[in-house]
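Q: Got a structure for you, written out below as structure tokens; questions coming shortly.
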Amino acid sequence: MPTLSRVGVYVSLVWLIAGSMLGGLLLGGPLVGWPLRVGPLVRVHIDAMLFGWLLQVTVSVAWWILPRRAEARGTWRAGSDGRGPVPVAAVALGAFNAAILVSTSGHMLTSQSGVVLGRSLTLSALLVFLILLRPRVRAFGESASRSPD
Amino acid sequence: MPPVTRWTIRAAALNVLLGMILWNVAGAFQGQGASSLASALHAPSLHLLVVGGLTQMVFGVAWWLFPVRSKDRGRGHPALAWAAFGLLNVGCLSRVVGSLLVAYGNASAGRALLLVAAITLPTAALVFAAMLGGRLRGPASARARS
């Protein structure tokens, strides 16, 4: 499993733990009399679980598992292992997580512009990933490929 | 495909099916004077879809597909995987039944079930993350350990 996918899955697991802990607190807190600002925290919970966990684990595993571009291995465009330009993908992954932090902060501070900025950054980072992954989605035998390791 | 994966995929499919049914029931009753049923089913149906369906599907496939720890240790402790599977599904079921009981039946029993869900779902996520986190490594270290 390449480093980028490992980091992505690790971070997504952190979001899963944070999001589910918050969800447990939101569900159980009021039952045991803990006062919580439920409205903004529910939106933070949704962002953490949908974007931080599910979307990120999907993209990270896709980076690992999709067929590699064997014909372009070793070139700058395809990176050293045929998966794609790793620096660009790493920046996209970092921006994706920063964007979730921006939108969750926006929820907590009730700043609509913060939420919009965060969501726009999330969408942009995701688009970069989809553009990088698109050439690796192809039919069997369409070109030489290697199995993931 | 290991047994844990087969059962998590079956359970995930069941959760998605149930979640879709409840989501549609909630939608059907939205504006027809039974809005309490709609509000009681809205969040639990989303939990069935996202946690019971998608997250459980990711867990099952990751248990099967992620690099094994070593030839000796395999994928890890199956007992822990079964524990995560059980906790997650008990949590999802408690979430649905608890919400319905709070809205329509025995409110105290419903609250107790919601408390069960509030404890079991994050615990399942913790167990799941601990199991999969230990299996994330590159091909070089995988070869060295096997």
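So the sequences go chain by chain: C and U.
Here the first sequence stands for residues 3 to 151, numbered as in the numbering used here.
Here the second sequence stands for residues 16 to 161, numbered as in the numbering used here.
Built from N, CA and C at the ideal position, the CB exists for glycine as well.
(1) Buried or exposed: which applies to D49/C, given that a residue is buried once 16 or more other Cβ atoms fall within 10 Å of its Cβ?
(2) Please report whether the beta-carbon of R126/U lies at a distance below 8 Å from any beta-carbon of chain C.
(3) For L18/C, tell me which candidate among A145/U, W22/U, R152/U, V112/U has the shortest Cα-Cα distance.
(4) Cβ of V11/C less than 8 Å from any chain U Cβ?
(5) For S113/C, which of helix, strand or coil comes out of DSSP?
(6) Starting from the beta carbon of G54/C, find every residue of chain U whose beta carbon is closer than 7 Å, and list them in chain order.
(7) Measuring CB to CB, does V104/C end up less than 8 Å from V130/C?
(8) Note down the Cα distance separating V63/C from A122/U, rounded to an integer number of angstroms.
(9) With a floor of 4 residues, list each alpha helix (DSSP H) that falls wholly inside the stretch 53 to 135 of chain U, ordered by position along the chain.
(10) Please state whether the Cβ-Cβ distance between M110/C and P42/C is less than 8 Å.
(11) In whole angstroms, what separates the C-alpha of L80/U from that of A20/C?
(12) Can you tell me whether H47/C is buried or exposed, with buried defined as 16 or more other CB within 10 angstroms of its CB?
(13) Answer yes or no: does any C-beta atom of chain U fall closer than 8 Å to that of I102/C?
(14) In whole angstroms, what is the alpha-carbon distance linking A80/C and A101/C?
(15) Can you look up L151/U in the DSSP assignment and give me helix, strand or coil?
(16) Kindly indicate which three-state DSSP category F142/C falls into: helix, strand or coil?
(17) Can you list, in chain order, the residues of its chain whose CB lies under 7 Å from that of W66/C, leaving out five sequence neighbours each side?
(18) Under 8 Å: do the stretch 60 to 74 of chain U and the stretch 30 to 38 of chain U share three or more Cβ pairs, one atom per stretch?
(19) Using a Cβ cut-off of 9 Å, pull out every chain C residue sitting near L102/U, in sequence order please.
(20) Could you check the C-alpha separation between V117/U and V61/C for me, to the nearest Å?
(21) Which residue from V142/U, A133/U, F143/U puts its Cα closest to that of L24/C?
(22) Which value, in whole angstroms, describes the spacing of the CA atoms of L103/U and L128/C?
(23) For S60/U versus W38/U, is the C-beta distance shorter than 8 Å?
A: Checking against the coordinates, here is how it stands:
(1) buried
(2) yes
(3) Nearest neighbour of L18/C by Cα position, chosen from A145/U, W22/U, R152/U, V112/U, turns out to be A145/U.
(4) For V11/C, the answer is yes, since a Cβ of chain U falls inside 8 Å of its Cβ.
(5) coil
(6) Simply none; closest approach about 12 Å.
(7) no
(8) 42 Å
(9) 71 to 80, 93 to 119
(10) yes
(11) 24 Å
(12) The residue is buried, with at least 16 neighbouring Cβ atoms inside 10 Å.
(13) no
(14) For A80/C, the predicted structure reports a pLDDT of 48, less than 50, and the residue's modelled location is therefore unreliable. A value from the coordinates is still provided. The straight-line gap separating the alpha-carbon atoms of A80/C and A101/C is approximately 26 Å.
(15) coil
(16) coil
(17) M3, P4, S7, P150
(18) yes
(19) Near L102/U there are no residues of chain C at all, since even the closest Cβ is about 11 Å away, more than 9 Å.
(20) 38 Å
(21) A133/U
(22) 29 Å
(23) yes
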